[in-house]
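**Student:**
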Amino acid sequence: MMRTVDYDSLANRYEAMNSPLYRYLAEETVRSVRRRVPAGIADILDLCCGTGILTFALAREYPNSAIVAVDASKNMLDAASSKATPADRIRFVRDDANTLAAAAGPYDLIACNYGLQWLSPSVVDTLRARLREGGYIAAALPSHGEPHRSDAGAATRAGNKLLDCVCRVAPAYEAELERGIVKPVIDLWRRFRTVKQWIERFEQHGIHVVEQRTLTRVFSYASPEELLHSAISRGVFGNCLDGLPDDFYRDVAEELAALYRKYGNLEEENVSTFLVLRYSGTTCGDESDV
Ligand SMILES: C[S@@+](CC[C@H](N)C(=O)[O-])C[C@H]1O[C@@H](n2cnc3c(N)ncnc32)[C@H](O)[C@@H]1O
Numbered sequence: 001m002m003r004t005v006d007y008d009s010l011a012n013r014y015e016a017m018n019s020p021l022y023r024y025l026a027e028e029t030v031r032s033v034r035r036r037v038p039a040g041i042a043d044i045l046d047l048c049c050g051t052g053i054l055t056f057a058l059a060r061e062y063p064n065s066a067i068v069a070v071d072a073s074k075n076m077l078d079a080a081s082s083k084a085t086p087a088d089r090i091r092f093v094r095d096d097a098n099t100l101a102a103a104a105g106p107y108d109l110i111a112c113n114y115g116l117q118w119l120s121p122s123v124v125d126t127l128r129a130r131l132r133e134g135g136y137i138a139a140a141l142p143s144h145g146e147p148h149r150s151d152a153g154a155a156t157r158a159g160n161k162l163l164d165c166v167c168r169v170a171p172a173y174e175a176e177l178e179r180g181i182v183k184p185v186i187d188l189w190r191r192f193r194t195v196k197q198w199i200e201r202f203e204q205h206g207i208h209v210v211e212q213r214t215l216t217r218v219f220s221y222a223s224p225e226e227l228l229h230s231a232i233s234r235g236v237f238g239n240c241l242d243g244l245p246d247d248f249y250r251d252v253a254e255e256l257a258a259l260y261r262k263y264g265n266l267e268e269e270n271v272s273t274f275l276v277l278r279y280s281g282t283t284c285g286d287e288s289d290v
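Residue numbers (my numbering): 1 to 290.
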C-alpha cells in the first residue's frame with residue numbers, strides 16, 4: 001500500500017488530542033455539503049476517514065445513505081469502527097485511497113477531510129472513476145499557498161512558531177542520533193500541493209468547483225506539551241518526529257514555554273479551505289501531473 005505517512009502509531013492519541021480542531025473541520029464540511037448536495041443521495045465515501053469524525057457527522061446528516069469509510073491505517077480504522085453500531089450503515093474498508101481497489105463505488109458524494117495532502121495527484125483519476133455523473137466531492141484542505149488574511153495576533157501565537165522551536169532544538173539531536181529531523185519535515189511539506197494545484201487538477205478531469213471557502217480559526221492549548229503533542233498526533237510532521245528521545249520533546253516544549261512567557265498565549269491558527277466540487281461527466285484539457 002502506497003503511503004506517505006503512517007498513522008498507526010498516532011491513532012491512540014489522534015482524537016483525544018485534537019477533537020476541537022477535527023470536530024470543527026467536520027462541522028464546516030457538513031455545512032458546505034448540506035448546502036450543495038441533495039438529501040436523497042444513495043452512496044457516500046469518506047476518504048481517509050481516520051477515526052471517523054467526519055464519517056459519523058455525515059451518517060447523521062444523510063440518514064438514508066449507505067456510507068463506506070476508507071483508511072490505510074488499521075489502527076485509525078479500528079478506532080473508527082469501535083464507535084459504530086449497525087444502525088450507522090457504515091462499512092469500514094482498509095484500502096489505499098490512491099487506487100480504491102476494495103471500495104470501488106460508484107458514489108454520489110466523496111468526502112475527504114485533511115487527507116488529500118497525503119495522496120498522489122493521480123488520486124483525481126481514481127475519484128472521477130468512482131463518482132456517478134453529477135456526483136460531488138467535498139474536501140477540507142490545509143491552505144498551502146493560499147493567500148489569506150491573518151489577524152494582528154498571528155505573529156504572537158506560539159503554535160504558529162512550532163517549526164521554529166523544532167529547528168532550534170533539533171541540531172543537537174541530529175548530531176547525537178546521526179539522523180535528520182528538520183530536513184525530512186521540510187521535504188515532506190514541499191511535497192504538498194497547493195489548493196490551486198488541486199483545483200486545476202480536478203478541473204482538468206471535468207470536476208468543477210461549486211463552493212470554495214477559506215476560514216481561519218484559532219485554537220488554544222492548556223500547556224506547551226499539549227500544543228506540541230496535539231500537532232504531532234494529528235500528523236503535522238508526518239512521522240518525522242516519531243521515536244525521538246523524551247528530552248527532545250521536553251526541549252521543544254521549553255521553547256514553546258519561553259514564547260508563552262513572552263507573548264502570553266498558547267494559540268495556534270488553523271487556515272483551511274473547504275471545497276465542494278461536482279463531476280459534470282465531461283473532461284477537458286490534458287491530464288498530466290500538476
Ligand atoms: C489528518 S488524518 C484525517 C482523518 C479524518 N479525515 C479526520 O478528519 O479526522 C489523515 C488520514 O489519512 C489517512 N491516509 C494517509 N494516506 C492514505 C492513503 N494512501 N490511503 C488511505 N488513507 C490514507 C491516514 O491514515 C489518516 O487517518
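Where is the CB? At the ideal position from N, CA and C, for every residue including glycine.
Because the structure is a prediction, the values reported are computed rather than measured.
Do the CB positions of K74 and F56 come within less than 8 Å of each other?
**Tutor:** Going by C-beta atoms, K74 is not nearer than 8 Å to F56.
**Student:** Please return the same chain residues whose Cβ sits closer than 7 Å to the Cβ of C49, not counting the five positions on each side in sequence.
**Tutor:** Excluding residues up to 5 positions away in sequence, T55, A69, V70, D71, A80 lie with their Cβ nearer than 7 Å to the Cβ of C49 in the same chain.
**Student:** Compare the beta carbon distance of L275 and A138 with 8 Å and say whether it is the shorter of the two.
**Tutor:** yes
**Student:** Flag this pair as yes or no: are the beta carbons of L34 and E211 separated by less than 8 Å?
**Tutor:** In the sequence under discussion, the amino acid at residue 34 is Arg, which differs from the Leu named in the question. The beta carbons of R34 and E211 sit no closer together than 8 Å.
**Student:** Looking at the structure shown, is R193 part of a helix, part of a strand, or coil, going by DSSP?
**Tutor:** coil
**Student:** Which residues does DSSP list as the beta-bridge partners of V271?
**Tutor:** T216
**Student:** So, helix, strand or coil for P171, using DSSP?
**Tutor:** DSSP places P171 in the helix class (H, G or I) of the three-state scheme.
**Student:** So, for K161: in the same chain, excluding its five sequence neighbours on each side, which residues have a beta-carbon less than 7 Å away from its beta-carbon?
**Tutor:** L259
**Student:** With respect to 7 Å, is the separation between the Cβ of T126 and the closest non-hydrogen atom of ligand 2 below this value?
**Tutor:** Absence of ligand 2 is noted for the structure shown, with ligand 1 being the only ligands found.
**Student:** Let me check understanding here. Comparing Cα to Cα, which of M76, Y14, E27 lies closest to L58?
**Tutor:** E27
**Student:** Under 8 Å Cβ to Cβ from L244, same chain only, skipping five residues before and after it: list those, please.
**Tutor:** Y173, L177, I181
**Student:** Taking the continuous alpha helix (DSSP H) assigned at I232, which residues delimit it?
**Tutor:** Run containing I232: 224–233, per the alpha helix (DSSP H) assignment.
**Student:** Since A104 and V93 are thought to touch, with beta carbons under 8 Å apart, how far apart are those beta carbons, to the nearest angstrom?
**Tutor:** Contact flag wrong, Cβ pair sits at about 10 Å.
**Student:** From the DSSP output, which residues share a beta bridge with A138?
**Tutor:** A111, V276
**Student:** Would you call the CB atoms of M17 and H229 closer than 8 Å?
**Tutor:** yes
**Student:** How many whole angstroms separate the CB atoms of I110 and L131, which I take to be in contact at a CB cut-off of 8 Å?
**Tutor:** 6 Å
**Student:** With a 10 Å radius around its C-beta and 16 neighbouring C-beta atoms as the bar for buried, classify G363 as buried or exposed.
**Tutor:** With the chain covering only 1 through 290, there is no way to say anything about residue 363.
**Student:** Verify the contact flag: G238, CB atom, against every heavy atom of ligand 1, threshold strictly below 7 Å.
**Tutor:** Answer for G238: no, Cβ out of range of ligand 1.
**Student:** If you run the structure through DSSP and keep just helix, strand and coil, what is R179?
**Tutor:** coil
**Student:** Output the distance between the C-alpha atoms of C112 and D251, rounded to the nearest integer angstrom.
**Tutor:** 35 Å
**Student:** Near N265, what residues of its chain come up, given a Cβ to Cβ distance below 8 Å and the 5 sequence neighbours on each side ignored?
**Tutor:** G153, T156, R157, A158, S220
**Student:** Ligand 1 and Y48: does any heavy atom of the ligand fall closer than 7 Å to the residue's C-beta?
**Tutor:** First, the residue type needs correcting, since residue 48 is Cys and not Tyr in the sequence shown. Checking every heavy atom of ligand 1 against the Cβ of C48, one is found closer than 7 Å.
**Student:** Could you tell me the distance, in whole angstroms, from the CA atom of R23 to the CA atom of I53?
**Tutor:** Distance between the alpha carbons of R23 and I53 is about 7 Å.
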